[in-house]
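*Asks:*
Following this line, the structure appears as structure tokens:
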């Protein structure tokens, strides 16, 4: 019996990091290393280097990030670009310096141009202008992909470095952030419809026209895909990627309008009032739908549909009240 790898999950308290921990534990991995933000500030280079020198993990899942919706990205652009750049640079370099051969970086669908052809393929990266509302975050995530690729190109042959990147579509599920202003669309709407139900509010107003289309992926599907991609043989991974385009999209395979997801959430929550749309508020990108054919060709597909996912997400929200 070979000894289990020592796996560091950065961002284990976040929605994605906690789902990755659940997935690894369900697969029998017992040698997980985690640190809270209070225990290890990933923007502190010296602290990150000391942690890696001491723990010497075999593998790293880099799921730590500062994230938020349109409002948060618009309000705190400096925080979003600075903190994400620092976390990525510190973790990836310290991982390399301490001899980590395998690392998985988690990006975001916002790396693609605002008007990228739909569905968005991996080769759309750096072909056009980004969505202005989250450009600083997107620039940081693109830098993370390029960090992984650059370490592979410079140290792959000499040091056996194999750093991979996955780009999830919009995620939701247990562990989400339900903050009334700084959250993404599904958790924000779960909170608002729940509160409207309790208050017997006659209507709920939603930002934008309701027409933009979005793809949503349940977070445990994303975690399963992440572990799957990490475990793929190098020859197989290399066959489906290229040295300067090594990231892989992770999506559910279909998208819905904001109006449709709002109606689905209202139904899940049991809110019976009217849904209104405030067209004076920004819509964001008109459509964000990932082409996941590269991942599908590697043998993975999402399993959890929107209805079941929303039900689990709502149960998670209520359990935290």
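In the numbering used here, the protein residues as written are 64 to 384. A virtual CB, placed ideally from N, CA and C, is assigned to each residue, including glycine. Keep in mind that this is a model prediction, so the values were computed, not measured.
Helix, strand or coil: how does DSSP classify residue 228 here?
*Replies:* Three-state DSSP puts residue 228 in a strand.
*Asks:* Given that a residue counts as buried once 16 or more other Cβ atoms are within 10 Å of its Cβ, and exposed if not, what is residue 378?
*Replies:* Flag for residue 378 reads exposed.
*Asks:* Expressed to the nearest angstrom, what Euclidean distance is found between the alpha-carbon atoms of residue 77 and residue 270?
*Replies:* For residue 77 and residue 270, the distance between alpha carbons rounds to 26 Å.
*Asks:* Between residue 454 and residue 256, is the Cβ-Cβ spacing less than 7 Å?
*Replies:* Missing from the structure shown is residue 454; the chain here goes from 64 to 384 and no further.
*Asks:* For residue 91 and residue 366, what's the separation of their Cα atoms in angstroms?
*Replies:* Computed Cα separation, rounded: 21 Å.
*Asks:* Leaving out five residues on either side along the sequence, give the residues of the same chain with a beta carbon under 6 Å from the beta carbon of residue 228.
*Replies:* Within the same chain, residue 228 has close Cβ partners 168, 170, 208, 211 and 310.
*Asks:* Would you identify the three-state DSSP class for residue 326, choosing helix, strand or coil?
*Replies:* Here residue 326 sits in helix by DSSP.
*Asks:* Buried or exposed: which applies to residue 305, given that a residue is buried once 16 or more other Cβ atoms fall within 10 Å of its Cβ?
*Replies:* Answer is exposed; the Cβ neighbour count stays below 16.
*Asks:* Just tell me which of 107, 141 and 232 has its CA closest to the CA of residue 181.
*Replies:* When each option's Cα is compared against that of residue 181, the closest is 232.
*Asks:* Beta carbon of residue 149, beta carbon of residue 106: below 7 Å?
*Replies:* Cβ distance < 7 Å, so residue 149 and residue 106 count as in contact.
*Asks:* Please report how far the alpha carbon of residue 125 lies from the alpha carbon of residue 293, in whole angstroms.
*Replies:* Taking the straight line from one Cα to the other gives about 12 Å.
*Asks:* With 16 as the cutoff for other CB atoms within 10 Å, does residue 345 come out buried or exposed?
*Replies:* With fewer than 16 other Cβ atoms within 10 Å, it is exposed.
*Asks:* State the DSSP-derived secondary structure class of residue 367, mapped to helix, strand or coil.
*Replies:* In the structure shown, residue 367 sits in coil (DSSP, three-state: anything other than H, G, I, E or B).
*Asks:* Within the continuous alpha helix (DSSP H) that includes residue 209, where are the two ends?
*Replies:* Where residue 209 is concerned, the enclosing alpha helix (DSSP H) stretches over 198 to 222.
*Asks:* Is the beta carbon of residue 241 closer than 7 Å to that of residue 376?
*Replies:* Not a contact, by the Cβ cut-off of 7 Å.
*Asks:* Since residue 105 sits in a beta bridge, which residues does DSSP pair it with?
*Replies:* BP columns for residue 105 are empty, so no partner.
*Asks:* Cβ of residue 354 within 7 Å of Cβ of residue 183?
*Replies:* The answer is yes: Cβ separation under 7 Å.
*Asks:* For the ligand GTP, is there any heavy atom lying closer than 6 Å to the beta carbon of residue 142?
*Replies:* The ligand GTP is absent from the structure shown, which contains no ligand whatsoever.
*Asks:* Tell me whether the segment 151 to 158 and the segment 100 to 117 touch, counting them as touching only if at least three CB pairs, one residue from each stretch, are closer than 8 Å.
*Replies:* Counting Cβ pairs under 8 Å, three or more are found: they touch.
*Asks:* For residue 268, list the residues DSSP reports as bridge partners.
*Replies:* The partner list for residue 268 (beta bridge, DSSP) reads 339.
*Asks:* Using the Cα positions of residue 316 and residue 352, report the straight-line distance between them to the nearest angstrom.
*Replies:* Spanning the two alpha carbons is a distance of roughly 8 Å.
*Asks:* Short of 6 Å in beta carbon distance, which residues of its chain neighbour residue 226, apart from the five on each side in sequence? Order them along the chain.
*Replies:* 166, 211, 214 and 215, listed in sequence order.
*Asks:* Between the C-alpha atoms of residue 275 and residue 320, what's the straight-line distance to the nearest angstrom?
*Replies:* Rounded to the nearest angstrom, the two C-alpha atoms are 5 Å apart.
*Asks:* Are there 16 or more other CB atoms within 10 angstroms of the CB of residue 237, so buried, or fewer, so exposed?
*Replies:* Classification for residue 237: buried.
*Asks:* In three-state terms, what does DSSP make of residue 67?
*Replies:* If DSSP states are grouped into helix, strand and coil, residue 67 belongs with coil.
*Asks:* With a threshold of 7 Å on Cβ separation, who are the neighbours of residue 161 within its own chain once the five nearest residues in sequence on each side are excluded?
*Replies:* The answer, listed in chain order, is 115, 116 and 119.
*Asks:* For residue 71, which option in 122, 381, 102 and 174 has the closest C-alpha, if you only look at C-alpha atoms?
*Replies:* That would be 122, whose Cα lies nearest to the Cα of residue 71.
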